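The structure appears right after this line, and notes come after that.
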Amino acid sequence: MSDYLVIVESPAKAKTIERYLGKKYKVRASLGHLRDLPRSQMGVDVENNYEPRYITIRGKGPILQDLKKEAKKAKKVFLAADPDREGEAIAWHLANALGVDQSTECRVVFNEITKDAIKESFKHPRKIDMDLVDAQQARRILDRLVGYSISPLLWKKVKKGLSAGRVQSVALGLIIDRENEIKNFEPEEYWSITGEFEKAKKKFEAQFYGTADEKVKLQNESDVKAVMASMKGKDFSVNRVVKKERKRNPSPSFTTSSLQQEAARKLNFRAKKTMMLAQQLYEGIQIGKEGITGLITYMRTDSTRISDTAKKDALDFIVGNYGEDYVTKAAAAKQSAKSQDAHEAVRPTSVLRTPESVKSILSRDLYRLYKLIWDRFVASQMSPAVLDTVMAELQNGDAVFRANGSQVKFPGFMKLYIEGTDDQTEDKDNILPEMAEGDTVKAVAIEPKQHFTQPPPRFTEARLVRTLEELGIGRPSTYAPTLDTIQKRGYVALDAKRFIPTELGEIVHSLVSEFFPDILNIEFTAKMENDLDSVEDGEIDWRAIIDLFYLDFEKDLRVAEEEMEKVQIKDEPAGEDCEQCGSPMVFKLGRYGKFMACSNFPDCRNTKAIVKHIGVTCPTCKEGEIVERKSKKRRIFYGCERYPECDFVSWDKPIERPCPKCAQLLVEKKVKKGVQINCTNCDYKEEVQ
Numbered sequence: 001m002s003d004y005l006v007i008v009e010s011p012a013k014a015k016t017i018e019r020y021l022g023k024k025y026k027v028r029a030s031l032g033h034l035r036d037l038p039r040s041q042m043g044v045d046v047e048n049n050y051e052p053r054y055i056t057i058r059g060k061g062p063i064l065q066d067l068k069k070e071a072k073k074a075k076k077v078f079l080a081a082d083p084d085r086e087g088e089a090i091a092w093h094l095a096n097a098l099g100v101d102q103s104t105e106c107r108v109v110f111n112e113i114t115k116d117a118i119k120e121s122f123k124h125p126r127k128i129d130m131d132l133v134d135a136q137q138a139r140r141i142l143d144r145l146v147g148y149s150i151s152p153l154l155w156k157k158v159k160k161g162l163s164a165g166r167v168q169s170v171a172l173g174l175i176i177d178r179e180n181e182i183k184n185f186e187p188e189e190y191w192s193i194t195g196e197f198e199k200a201k202k203k204f205e206a207q208f209y210g211t212a213d214e215k216v217k218l219q220n221e222s223d224v225k226a227v228m229a230s231m232k233g234k235d236f237s238v239n240r241v242v243k244k245e246r247k248r249n250p251s252p253s254f255t256t257s258s259l260q261q262e263a264a265r266k267l268n269f270r271a272k273k274t275m276m277l278a279q280q281l282y283e284g285i286q287i288g289k290e291g292i293t294g295l296i297t298y299m300r301t302d303s304t305r306i307s308d309t310a311k312k313d314a315l316d317f318i319v320g321n322y323g324e325d326y327v328t329k330a331a332a333a334k335q336s337a338k339s340q341d342a343h344e345a346v347r348p349t350s351v352l353r354t355p356e357s358v359k360s361i362l363s364r365d366l367y368r369l370y371k372l373i374w375d376r377f378v379a380s381q382m383s384p385a386v387l388d389t390v391m392a393e394l395q396n397g398d399a400v401f402r403a404n405g406s407q408v409k410f411p412g413f414m415k416l417y418i419e420g421t422d423d424q425t426e427d428k429d430n431i432l433p434e435m436a437e438g439d440t441v442k443a444v445a446i447e448p449k450q451h452f453t454q455p456p457p458r459f460t461e462a463r464l465v466r467t468l469e470e471l472g473i474g475r476p477s478t479y480a481p482t483l484d485t486i487q488k489r490g491y492v493a494l495d496a497k498r499f500i501p502t503e504l505g506e507i508v509h510s511l512v513s514e515f516f517p518d519i520l521n522i523e524f525t526a527k528m529e530n531d532l533d534s535v536e537d538g539e540i541d542w543r544a545i546i547d548l549f550y551l552d553f554e555k556d557l558r559v560a561e562e563e564m565e566k567v568q569i570k571d572e573p574a575g576e577d578c579e580q581c582g583s584p585m586v587f588k589l590g591r592y593g594k595f596m597a598c599s600n601f602p603d604c605r606n607t608k609a610i611v612k613h614i615g616v617t618c619p620t621c622k623e624g625e626i627v628e629r630k631s632k633k634r635r636i637f638y639g640c641e642r643y644p645e646c647d648f649v650s651w652d653k654p655i656e657r658p659c660p661k662c663a664q665l666l667v668e669k670k671v672k673k674g675v676q677i678n679c680t681n682c683d684y685k686e687e688v689q
């Protein structure tokens with residue numbers, strides 16, 4: 001018989017940990033939470049100091065009974081759920097359900113599933129941290145009060161199956177606000193002048209800057225003509241040369257949110273997929289004779305801290321593989337104010353387990369994510385890159401051009417890893433010829449170019465996660481489920497991997513913003529997150545936080561119940577009859593937007609996709625509208641609704657605004673790094689989004 005019972009969350013972890021601990025320990029899995037608030041009702045007694053009513057989750061009864069039997073037989077029970085708020089709450093619920101004495105040191109936490117880490121953690125068990133538990137309870141109850149109060153209203157006033165929540169409503173609001181910015185955007189004209197110059201048979205580029213005294217903006221063609229007229233001949237004098245050495249520091253190891261962002265940029269992974277793969281890497285992969293081994297540390301963390309042991313191992317690896325010059329001399333980066341430093345950054349459990357050494361045993365996606373985590377961690381412990389930068393100022397008359405050059409003098413961490421960017425730009429060496437003050441360079445060509453300001457880009461998952469984090473909304477562990485929810489509810493759709501609000505999303509957002517303004521108030525929501533962190537720090541009582549919120553929220557709720565009007569999503573006549581029963585077809589609003597259905601439902605269940613108008617007049621006949629169609633191979637193309645009378649067709653999506661240069665049709669072209677807007681008539685192009 002085993003002396004000790006250890007309860008973890010997943011069966012995969014249970015097998016590995018049991019192997020590490022030996023025969024005296026029996027390790028069992030709870031499969032996540034066993035108790036929670038009931039799904040069928042609020043489950044929070046607002047009249048009794050917000051007392052939660054927890055019940056055994058449906059289907060988890062047999063698991064709980066088995067754990068109770070095992071707990072009775074064991075000398076001691078250790079609760080080893082994940083090392084975060086959620087894990088602490090699971091441990092607390094288990095202690096209550098199994099009758100474990102919470103005043104004893106029954107809680108064990110570890111940030112990585114390796115033999116050394118597991119054995120060390122069992123040498124230092126602790127009591128359940130009630131501040132962590134209370135922080136989780138406060139968040140759960142707060143979200144329940146919001147969700148289970150607003151959602152039934154939306155069901156009653158709009159349609160069943162809708163929801164609202166603190167973080168998801170703000171995320172949806174950001175997407176809708178951005179879409180409105182794009183719709184209302186009016187491009188402004190500006191110009192640039194690029195010069196190609198030559199010195200000692202080497203050509204280089206420089207941009208018009210202004211005069212010797214100030215930077216000058218070129219707002220129209222007349223400004224450009226004035227500059228062009230002011231220059232005489234092709235000789236430019238070198239007024240000034242500024243040489244600097246610049247250091248570029250590596251990014252710290254991943255937090256949850258920076259991992260989600262970088263995986264989206266570099267690997268094209270959705271946040272949900274990143275977290276699913278990271279969970280597998282954390283819980284363990286079968287590695288030859290080693291057995292199931294955790295490859296990374298715990299993946300839900302706000303911390304960039306690295307343990308001293310991991311640092312030493314990384315430095316030894318870097319010296320051995322790159323040399324002494326590549327080892328960082330910098331102190332550890334400071335933590336963010338909201339960092340929950342209970343555990344480390346996301347890093348490999350062993351730097352010696354290189355991506356190449358495990359490539360053959362990992363799936364393609366697991367390998368790519370592991371390589372990203374491994375590269376980022378090792379690079380974070382490497383020396384800064386050193387770049388030589390040069391700025392040369394060239395003058396002809398009053399016109400001053402500036403040439404900027406840079407080259408990598410010493411690659412440092414860049415030898416291994418360079419952080420991605422949202423706009424997919426890449427750093428490239430731009431080496432200028434040797435120049436000194438007083439030299440003369442020749443202009444080979446000087447070319448003015450017209451530009452127009454661009455609307456802000458729609459949110460990608462990476463950009464939205466970064467924005468939520470910067471605003472202090474939600475926490476990294478909530479971002480993936482939040483983005484998943486607003487898509488599942490049909491509030492947003494993805495177009496070229498960018499979020500676009502649906503009609504349903506705009507209806508829900510409008511109602512929530514009208515009747516529950518605090519829910520959408522970014523400052524209010526960010527303060528609430530900080531208050532919840534204060535509960536975790538033991539500074540504020542969790543019930544006081546909820547009470548402060550609920551007193552005003554309840555007033556808003558009463559007003560909404562009385563004044564919110566039912567949104568009539570009417571079944572508009574579609575203008576055609578059902579081909580199956582002859583009844584009129586009507587438009588209905590579904591999860592993914594409008595569709596056509598027979599008005600004789602449920603006797604007739606015929607449905608059809610509707611022709612999607614994109615709000616652009618046909619450029620050929622000037623009468624019909626452009627509609628979205630699908631080819632026999634399901635490829636989307638665009639044509640005139642008056643076909644066959646009008647034969648306009650385009651694989652590229654036409655857009656509503658005309659070309660600012662020639663007033664002809666603009667289209668969205670899908671290019672390698674995103675979407676580019678091009679004119680179909682002239683050479684006008686916009687920057688890739």
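For the sequence shown, full-length UniProt numbering begins at 1 and goes up steadily by one. We put the beta carbon where it would ideally sit given N, CA and C, even for glycine. Keep in mind the model is a prediction, meaning the values are calculated, not measured.
- Residue environment analysis places ALA81 among the buried positions, since at least 16 neighbouring C-beta atoms fall within 10 angstroms of its C-beta.
- Between the region 129 to 149 and the region 487 to 494 there are fewer than three inter-stretch CB-CB distances shorter than 8 angstroms, so the stretches are not counted as touching.
- Here DSSP, grouped into helix, strand and coil, assigns TRP374 to helix.
- Taking 8 angstroms as the cut-off, the beta carbon of ILE182 is found no closer than this to the beta carbon of ARG498.
- According to the DSSP assignment, ALA663 belongs to no alpha helix (DSSP H), since it is labelled neither H nor E.
- Under the 8 angstroms Cβ criterion, the region 512 to 532 does not count as touching the region 119 to 126, having fewer than three qualifying pairs.
- Taken through DSSP and simplified to helix, strand or coil, PHE516 comes out as coil.
- Following the DSSP letters along the chain, one finds LEU532 inside the alpha helix (DSSP H) bounded by residues 522 to 536.
- Going by C-alpha positions, ALA97 is about 51 angstroms away from CYS604.
- Bridge partners of LEU79 according to DSSP: ILE7, ARG107.
- Beta-bridge annotation (DSSP): ALA445 is paired with GLU196.
- In this structure, DSSP gives ALA345 a state outside helix and strand, which the three-state scheme calls coil.
- Rounded to the nearest angstrom, the Cβ distance from ALA164 to ILE626 is 35 angstroms, too far for a contact under 8 angstroms.
- The DSSP-derived three-state label of ASP652 is coil.
- In this structure the region 430 to 438 does not touch the region 188 to 196; the number of beta carbon pairs closer than 8 angstroms is below three.
- Per DSSP, PHE122 is one residue of the alpha helix (DSSP H) stretching across 115 to 123.
- GLY397 and SER230 have their C-alpha atoms spaced approximately 6 angstroms apart.
- Between ARG368 and LEU295 the beta-carbon gap is near 13 angstroms, outside 8 angstroms, which marks them as no contact.
- The beta carbon of THR211 is closer than 7 angstroms to those of ASP398, VAL400 in its chain, skipping five residues each way along the sequence.
- When the alpha-carbon of THR680 is set against those of GLU687, LYS669, LEU665, the nearest one is in LEU665.
- By the beta-carbon neighbour count (other beta carbons within 10 angstroms, threshold 16), TRP542 is buried.
- Per DSSP, GLN689 has no beta-bridge partner at all.
- Collapsing the DSSP output to three states places ARG240 in a strand.
- Rounded to whole angstroms, the Cβ separation of ILE113 and GLY284 is 6 angstroms, and the two are in contact under 8 angstroms.
- The beta carbon of GLU469 sits closer than 6 angstroms to the beta carbons of SER257 from its chain, once the five residues preceding and following it are set aside; these are given in chain order.
- Restricting attention to LYS225, GLY61, ALA496, ASP66, the CA atom closest to the CA of GLU447 is found in LYS225.
- In the pairwise beta carbon analysis, the region 198 to 205 is classified as not touching the region 536 to 556: fewer than three pairs are separated by under 8 angstroms.
- With a cut-off of 8 angstroms on Cβ pairs, the region 402 to 417 is in contact with the region 318 to 328, counting three or more such pairs.
- SER477: not part of any beta strand (DSSP E); member of the alpha helix (DSSP H) spanning 476 to 488, first to last residue.
- Scanning the region 156 to 215 for uninterrupted alpha helix (DSSP H) segments of 4 residues or longer gives 166 to 184, listed from N- to C-terminal end.
- DSSP, read as helix, strand or coil, puts GLY61 in helix.
- For GLY61 and LYS68, the gap between their C-alpha atoms comes out near 11 angstroms.
- Looking at the DSSP output, GLN407 sits in a beta bridge with ASP388.
- Its Cα nearest to that of GLY288, the residue ILE361 stands out among SER40, ILE361, VAL238.
- For the 8 angstroms CB-CB criterion, GLU437 and ASN239 form a contact.
- With contacts defined by Cβ atoms closer than 8 angstroms, LEU21 and VAL27 form a contacting pair.
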